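Numbering (this note's numbering), first residue to last: 7 to 322. Accompanying notes for the structure given below.
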């Protein structure tokens, strides 16, 4: 029997700690050569595109499948993402997740894996730049891997900051404050999460204190990036989840063709202990999220397993 899950199910059954663990297993598969993760591709039409990310984790997870979403810019009802999961040994269809939440949870969990591998073990203070869904899931994942005591949030609109802080207080047991400015948000943080839609840098590198780790998940192309270009130079360690995807953008990634490009390492190398996440406690470290194909299929499968076990427990 296959599963059909919606955003409501994902919200009910997703455990961020378990999802981060599943993502870390994906990185182990990447190291082992059992993760298939080609760059995303598009089916282009005049009005918009369908974007596909396909992949497989055939060693530990035994799943294959794809995710598809659209880029149509209209207000018509029915815009949904689909994640379809198959057994990689038998080809049997395992289920589908319909909705927009799973992509954000997957990206958040990858960010959580980066924080777990690169941020200082004693990190307690987080700055969140941005107040959308990606900011929420990045923060939930960060709290799942570090003992966070205080959080500051900033975005351009005061009402969005207040709403984000109020909503996250119901989910996270930490002090959450609304920052008065980008600098107020950033300058004392141990971890900085950038999840904005800004095409110009939302902070200055000089505001960062020694030992800070940064996740950037927002705009990331040349002439349109949310973090300052000199952050790459300032960072001792730079990682990404997919170097192949980083080089596959039509518009180049903001660190491509710079002095920093050759220093970028696969996050999987760090997660699996083949490379260092930081050399010293004072290092600035940077994770550039670009999306690792195949991970959304593993995340969907993990949520399906949780949902199935929960249903069996309630039926017994």
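Beta carbons: idealized from backbone N, C-alpha and C, even for Gly. Source: prediction; values computed, not measured.
About 15 Å separates the beta carbon of residue 248 from that of residue 292, a gap too long to meet the 8 Å contact definition. With contacts defined by Cβ atoms closer than 8 Å, residue 59 and residue 94 do not form a contacting pair.
DSSP places residue 240 in the uninterrupted alpha helix (DSSP H) bounded by 236 to 240. The closest CA to that of residue 22, considering only 126, 309 and 157, is found on 309. Taking all protein chains in view, the Cβ of residue 99 is surrounded by fewer than 16 other Cβ atoms within 10 Å, so the residue is classified as exposed. By a beta-carbon distance limit of 8 Å, residue 236 does not contact residue 218. Their separation comes to about 14 Å. Bridge partners of residue 76 according to DSSP: 56. By the Cβ neighbour-count rule, residue 270 is buried, with 16 or more other Cβ atoms within 10 Å of its own. Fully enclosed beta strand (DSSP E) runs of no fewer than 3 residues occupy 243 to 246 and 270 to 272 of the segment 221 to 284, in order along the chain. The three-state reading of DSSP puts residue 91 in strand, counting E and B together. Around the beta carbon of residue 53, fewer than 16 other beta carbons sit within 10 angstroms, so the residue counts as exposed. DSSP, reduced to helix, strand and coil, places residue 131 within a strand of the structure shown. Below 8 Å, too few C-beta pairs join the segment 187 to 207 and the segment 257 to 265 to call them touching: fewer than three. The Cβ neighbour count for residue 137, taken over all protein chains shown within 10 Å, is at least 16; the residue is labelled buried.
Going by DSSP, residue 11 is part of the beta strand (DSSP E) stretching over 9 to 12.
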